[in-house]
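Going by the working numbering, the first residue of the first sequence is number 518, and it counts up by one from there.
Backbone N, C-alpha and C fix where the C-beta goes; we use that ideal spot for every residue, glycine too.
Keep in mind the model is a prediction, meaning the values are calculated, not measured.
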Amino acid sequence: MNSRIYDSIKKQLNEILQKKYNIKTDLVWSKPHSSDLGDLSFPLFNVAKEISQSPHDIGQEILNSFSKNDIIDKIELKGGFLNLFLNQNEFAKSTLLDIISAEVYGKSDTRKNERIIVEHTSANPISPLHIGNIRNSILGDVIGRLYKFLGAKVNFRYYVNDLGRQIAPVIIGYFLLKEEKVKPDSKVDIWIGKIYALMNTFYEIFQVKTELEKLSIVSDSQSSFYELDETELEFYQNELSKLNADPQRDERIVKQLQKLVRVQDSLKEKLPQLYLQLKNLLDSNIKDLDDLTNKYLTGYLNGKDKEIKEKFREVTENTLSGHTETLNLYNIYHDDFDWESEVSWTGEVDRILSQLDNKGFLRHDGQALLLKNDVIASKLGFKEKYNINYEIPDLIVVNSEGIALYPCRDIAYHLNKLEKFDADYCINVIGKDQQLAQLSVRTALYGLGEQKKADRISHYDYEIVTLVGGRMAGREFEYVTCDELFTLAKNEINTILESRDYSAEVKDEIARKVSTSSIRYSILKIDPQKTVTFDAKKAVDPNENTGPFLQYSYARALNILEKAPKKDIIVDEMIQSAKQINFNIKKEAEWKIISIMEELPFVINRALDLLKPDIVANYAYSLASAFHKFYDACPVLQAEDKDSLETRITIVHSFVKSLESLFEVMGIDTLEKM
RNA sequence: GACCCCGUAGCUCAGUUGGAUAGAGCACCAGCCUCCUAAGUUGGGGGUCGCGAGUUCGAAUCUCGUCGGGGUCGCCA
């Protein structure tokens, strides 16, 4: 990165001030809001205060000893600001030559010594990716891309949560169907998502009925242990109120029953055939789903039962293949997959727990164990280091049945995670709702004496996505999948393409690439800390969307360069001998776009420093917008003279390079025509 | 109750280490294709930056308080 013109001017001014007044305050530059006030502006108030002189007097002093160079046309003092009018031709020359000479504009190797793990997506492997997941994937992807762009080695990892309690019924249901030779009626991850929703409901119904049975409440009208209807519900309600033993418990049961009836009915409606198939299979094959579930779960948890292991892997790997297929639509790729089950099989969890226990960092409550977050954090300097000045709640890590919960495996995972890529840092892209659990991974590592490791791990948190006019519930097969969203976008775009005279293949390529960009962009542009109510219609509306806007500006720019030979303009030669060009900026639109292009490397660096992909996205918009205005205001191939022609060709060429850099970072495809 | 995040135009969002008159898109109204692709562009209306104090020459931005929304806080992940 060359030193910035703005910074070198600032430096000169600061040196003058230091010589004159021997002050400490540094001037800061900013771009004025209006071109009447110049191109670069320095407020003098802070200096004025330090030396108790008026800003105007200080400005005069600076003017007296400031030796103008050819980059500055004019300096004005106005309202306490020192306003500089740059020589736009010189600035253009410097900036455009900079862009031209760069292999990839803005790319650098400032981070070349860093090795980074970015873990993202990590969705449960029992349902398809839905729009609640995609923000995670896109953010993680772009963060990794930012690091790569600045030279770091990046490793994208996917942590497969294949040990959740809800997973076993899915395995059972999947193989019941498979053994009956029932073929998937949709993409495999969606198929598994259906089975999950159904099996989970059957399982929950079974559990409630079992509980009722223990209270000696059994309905005569009951036809299945896996089904509920309104009459049964009424019956149970009556019986419970007759018992009148534990009103709190009864209320919970009734609520659960009501919910299950509702969920069951909606599933029956959404998946009528599969619902019946699975229910009948359960009725005739599985006496005790609870028992079988536990058998499967423990079998997989310790990894000793080969058959169960293979069954779990078949289902989860199938789901994951669906996930990667979906992610690829969005230009997202993972390097490695880590399996929670494998973490479990190492036996590390037990060692960790006893180590923490020996150090007095676990609180016992019956068989349950809690991580004493606050004790660890206070004792071992965690709070000071991360500037935490409140009491961190304890986290339950082992439940009262003595089963180690998810955070245990997460701690074990992170004990060895950095080594997997010999990484300096690991960034975990995980929703804000897991703040405490993620914090606890690091406090636990502190507790284990692994402070240095903990300090190299960070939780990149973002706000969750909700659905406009609806809700998302995997257990009820209620979500908009990323595949559906993609198709929705593609259909919208195809409507526009109808009027174009392109081949079917070209149309398809355009639709695909525009769909990806419009969805990616609609997520990227928003500050990750803001909750998003996702509106599929808007995300997919090409008029509202900026992804296509960016691609269109690129296509327009490229089109100019491609048409140049018809006017006997050889762009390559012109660019190669750009140093000879007599850069001549005549219009505001030319100046604007150059001024914006100049910022690119700094924008990208800033986005990485702050880990805010939205900065890149919004910048890209302002750049493309400036190009469209330039396109309208400044004819290129029919420019009025040679200088303008050459200047504008260079601008267009530089713009193309700028967008290519931004697209690389944002994971957006270039398009030659739209 | 404690903690985290958010609150800017009718809607969706920008707004840099505090700087001059707070900006875009959508929607609404009125223009621009004989001219490098109109998925574009020009103009117009639209604001108590949730509210109140404080710090400051200067606050959408920093501090405190307060209200509203979302999330987490002992048996999901």
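Taking C-beta atoms under 8 Å as the contact rule, L1117 and S1034 fail to qualify, at a distance of about 18 Å. Counting only runs that start and end inside the stretch 784-840, there is no beta strand (DSSP E) element of at least 3 residues. DSSP, reduced to helix, strand and coil, places D556 outside both helices and strands of the structure shown, so it counts as coil. For V687, the enclosing alpha helix (DSSP H) begins and ends at I684 to E696. A residue is called buried once 16 or more other Cβ atoms fall within 10 Å of its Cβ, and G877, having fewer, is exposed. Contact annotation: the stretch 726-738 touches the stretch 750-757, with at least three C-beta pairs closer than 8 Å.
The straight-line gap separating the alpha-carbon atoms of I1077 and S1070 is approximately 11 Å. Here the alpha carbon of L818 sits roughly 10 Å from the alpha carbon of R682. DSSP lists A885 as the bridge partner or partners of D882. In the structure shown, I643 adopts coil according to DSSP, grouped into three states. Annotation: the continuous alpha helix (DSSP H) that includes C925 extends over Y923 to K934. In this structure, K1030 lies near L1188, with their beta-carbon atoms less than 7 Å apart. As DSSP reads the structure, T983 sits in a beta bridge with T1050. The beta carbon of T1063 sits closer than 7 Å to the beta carbons of Y1038, K1042 and Y1138 from its chain, once the five residues preceding and following it are set aside; these are given in chain order.
Exposed is the label assigned to K1084, since fewer than 16 other Cβ atoms lie within 10 Å of its Cβ. The three-state reading of DSSP puts C943 in strand, counting E and B together. Out of I540, V545, M1114 and A669, the CA that lies nearest to the CA of D524 is found in V545. Apart from the 5 residues on each side of it in sequence, Y538 sits with its Cβ closer than 6 Å to the Cβ of I568 in its chain, given in chain order. The C-beta distance from R632 to A940 rounds to 5 Å, short enough to meet the 8 Å contact threshold.
When DSSP states are grouped into helix, strand and coil, S547 belongs to the strand group. Burial of N678 is indicated by the presence of at least 16 other C-beta atoms within 10 angstroms of its C-beta. Excluding sequence positions up to five before and after I540, its CB lies within less than 8 Å of the CB of L534, V564, E567 and I568, all in the same chain and listed in chain order. For I568, the enclosing alpha helix (DSSP H) stretches over residues F562 to I568. N606 places its beta carbon less than 7 Å from that of F1100. Taking a cut-off of 8 Å on C-beta distances, the stretch 653-666 does not touch the stretch 950-970, as fewer than three cross pairs fall below it. Y622 sits in coil when the DSSP states are folded into three classes, being neither helix nor strand.
The shortest CA-to-CA distance from D800 to any of Q724, K949, S551 and F719 is the one to F719.
Assigned with DSSP and collapsed to three states, D978 falls in strand.
The alpha-carbon of D874 is positioned some 26 Å away from that of N904. Per the DSSP secondary-structure output, D853 pairs in a beta bridge with R674.
Within the model, the alpha-carbon separation for A1095 versus E834 is close to 54 Å. When DSSP reads this structure, R632 sits in a beta bridge with K670.
Among the bridge pairs identified by DSSP, N600 is matched with S558 and E593.
Per DSSP, the beta bridge partners of A990 are E995. Contact between M1114 and L1140 holds: CB atoms are separated by about 7 Å, below the 8 Å threshold.
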